[in-house]
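Novice: Quick one: the structure is below, questions incoming.
See below:
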């Protein structure tokens, strides 16, 4: 008879963008000001509420087009969809790449001298920062194997500093995790 919890649902476009920027510690909390154009939404860190929303072309931000922004024609109602392009946007967006790099810097990536314990600590800190929980043993082992595999690929490609780049890849995967984009 009584609901004891809210049904789980996907975050709205604005919340996804603001959450990604907030996790990196770059969200601009300034209140008020002029409405901003959507073309700048991937290069500035103002809260998404300050970007325009209108039915004409260019009336939605790039994240808004993929993550069900309000539709002015439908009285700003939102539809909920889950499409592959959403996951691709969270994996390949320049904004997400920049925020993942910022998260890695803030979490201080492990050095090769720290070995396995440094990697485990990084995985735990990343989970706590992004998903607000510690990883399960299975998740931790999968992340450690993924970090090792990514680092090996980057070493073969002769990328400078392969470990921080591998950590960025892990952070992007966590930003795409269902626990991050679901309320």
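Residue numbers (this note's numbering): 42 to 224. Just so you know, even glycine gets a beta-carbon here, dropped at the ideal spot from N, CA and C. Since the structure is predicted, the reported quantities are computational estimates derived from the model, not experimental observations.
Would you identify the three-state DSSP class for residue 69, choosing helix, strand or coil?
Specialist: Reduced to three states, the DSSP call for residue 69 is strand.
Novice: Identify, in the order they occur along the chain, each residue of the same chain with its Cβ nearer than 7 Å to the Cβ of residue 187, setting aside the five sequence neighbours on each side.
Specialist: Counting only Cβ-Cβ distances below 7 Å, and skipping sequence neighbours, we find 211.
Novice: Thinking residue 223 and residue 50 are a contact (beta carbons under 8 Å), I'd like their distance in whole angstroms, please.
Specialist: Correct: roughly 7 Å between the Cβ atoms.
Novice: Please check the pair residue 143 and residue 201, which I expect to be a contact at CB under 8 Å, by giving their CB distance rounded to whole angstroms.
Specialist: 19 Å between Cβ atoms; not a contact.
Novice: Say whether the region 128-147 touches the region 207-221, bearing in mind that this needs 3 or more beta-carbon pairs closer than 8 Å, one atom from each stretch.
Specialist: Result yes; three or more Cβ-Cβ pairs closer than 8 Å.
Novice: Taking all protein chains shown into account, do 16 or more other C-beta atoms lie within 10 angstroms of the C-beta of residue 79, making it buried, or fewer, making it exposed?
Specialist: Buried, because 16 or more other Cβ atoms sit within 10 Å of the Cβ of residue 79.
Novice: Could you check which residue in 207, 130, 70 has the C-alpha nearest to that of residue 149?
Specialist: Checking every option, the nearest Cα to that of residue 149 belongs to 207.
Novice: Leaving out five residues on either side along the sequence, give the residues of the same chain with a beta carbon under 6 Å from the beta carbon of residue 82.
Specialist: Cβ neighbours of residue 82 beyond the five flanking positions: 92, 102.
Novice: Thinking residue 181 and residue 155 are a contact (beta carbons under 8 Å), I'd like their distance in whole angstroms, please.
Specialist: About 16 Å; that fails the 8 Å criterion.
Novice: Are there 16 or more other CB atoms within 10 angstroms of the CB of residue 53, so buried, or fewer, so exposed?
Specialist: Label assigned to residue 53: buried.
Novice: Using alpha carbons as the reference points, say which of 157, 44, 145, 152 lies closest to residue 168.
Specialist: Per the Cα distances, 145.
Novice: Can you pull the DSSP bridge partners for residue 16?
Specialist: What the structure shows of the chain is the stretch from 42 to 224, and residue 16 is not part of that stretch, so it cannot be assessed.
Novice: In whole angstroms, what is the alpha-carbon distance linking residue 173 and residue 164?
Specialist: Distance between the alpha carbons of residue 173 and residue 164: 12 Å.
Novice: State the DSSP-derived secondary structure class of residue 223, mapped to helix, strand or coil.
Specialist: Strand at residue 223.
Novice: Could you give the distance in angstroms between the alpha-carbon of residue 126 and the alpha-carbon of residue 58?
Specialist: Between residue 126 and residue 58, the C-alpha separation is close to 15 Å.
Novice: Kindly indicate if chain D contains any beta-carbon less than 7 Å away from that of residue 69.
Specialist: Annotation note: the requested chain D is absent from the structure, which comprises a single protein chain.
Novice: Who does residue 46 pair with in a DSSP beta bridge?
Specialist: According to DSSP, residue 46 bridges with nothing at all.
Novice: Going by DSSP, what residue range makes up the alpha helix (DSSP H) through residue 125?
Specialist: Run containing residue 125: 125-133, per the alpha helix (DSSP H) assignment.
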